[in-house]
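Numbering (our numbering), first residue to last: 2 to 156.
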Amino acid sequence: MSCFAPPPIGGGAAAIDGNSVASLFERLESAREPGTGSLEVARGPSLSESVLANVRRILNARQGCCETRPDFGMPDLNDISREASETIPAIARTVKAQLEAFEPRLREVLVKPMPTESPGEFAFSVSAALIDGESGEAMRFDTVLGNDRQMRLRN
Numbered sequence: 002m003s004c005f006a007p008p009p010i011g012g013g014a015a016a017i018d019g020n021s022v023a024s025l026f027e028r029l030e031s032a033r034e035p036g037t038g039s040l041e042v043a044r045g046p047s048l049s050e051s052v053l054a055n056v057r058r059i060l061n062a063r064q065g066c067c068e069t070r071p072d073f074g075m076p077d078l079n080d081i082s083r084e085a086s087e088t089i090p091a092i093a094r095t096v097k098a099q100l101e102a103f104e105p106r107l108r109e110v111l112v113k114p115m116p117t118e119s120p121g122e123f124a125f126s127v128s129a130a131l132i133d134g135e136s137g138e139a140m141r142f143d144t145v146l147g148n149d150r151q152m153r154l155r156n
């Protein structure tokens, strides 16, 4: 699995000053306005969509994929066992740590394990405060670690 983009230095993944809700990478990928050289952000995703896109990048990247931040991404989960009593809490702690470290628009991150119907899958409920400038609003989504070891988000 490739690393989509290195995390920001200093935790500045997104402008949260009220002028833009797009992450740095979304702003860099967006089209330039003809003749101005400025970046167009108006067509970008909403704040919650931008955060969820970054969360997907973080949780589906593997540690070691980014030379400048070897701690970015999830550790190799291929050898995990559903029976291991420490496995589920360890994955929950890792998800929480990754979101706190690499998505600065989320605060007060809480990751709770959820029951699953499929053997070999792990599900978690994630709740956090979504920061937009000075204010914050509640955000909640579920993530499922599938048998293919990919994280899928549902909100």
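Note that the Cβ used here is the ideal one computed from N, Cα and C, for glycine as well. Predicted model, so just to flag it, every value in this text is computed and none were measured.
Assignment of A62 by DSSP, reduced to helix, strand and coil, places it in the coil class.
Distance between R63 and A91, taken at the CA atoms: about 16 Å. When L154, V52, D133 and G137 are compared, the shortest CA-CA separation from S126 is found for L154.
About 4 Å separates the CB atoms of A129 and L107; that is less than 8 Å, so the two are in contact. Within the same chain, and ignoring the five residues on either side of D143 in sequence, the residues whose Cβ sits closer than 8 Å to its Cβ are M115, A124, F125, S126, V127, L154, R155 and N156. Given a length threshold of 4 residues, each whole run of the alpha helix (DSSP H) inside the region 84-149 is given here in chain order: 88-103. Here the C-alpha atom of I132 lies approximately 7 Å from the C-alpha atom of E138. Excluding five sequence positions before and after R57, the CB atoms of its chain that fall closer than 8 Å to its own CB belong to M152 and L154, given in chain order. Around the beta carbon of G134, fewer than 16 other beta carbons lie within 10 angstroms, which makes this residue exposed. P71 counts as exposed, since fewer than 16 other beta carbons sit within 10 angstroms of its beta carbon. CA-to-CA, the gap between L78 and S47 works out to about 31 Å.
Each residue's CA atom was taken as its position, placing F103 and F73 some 8 Å apart.
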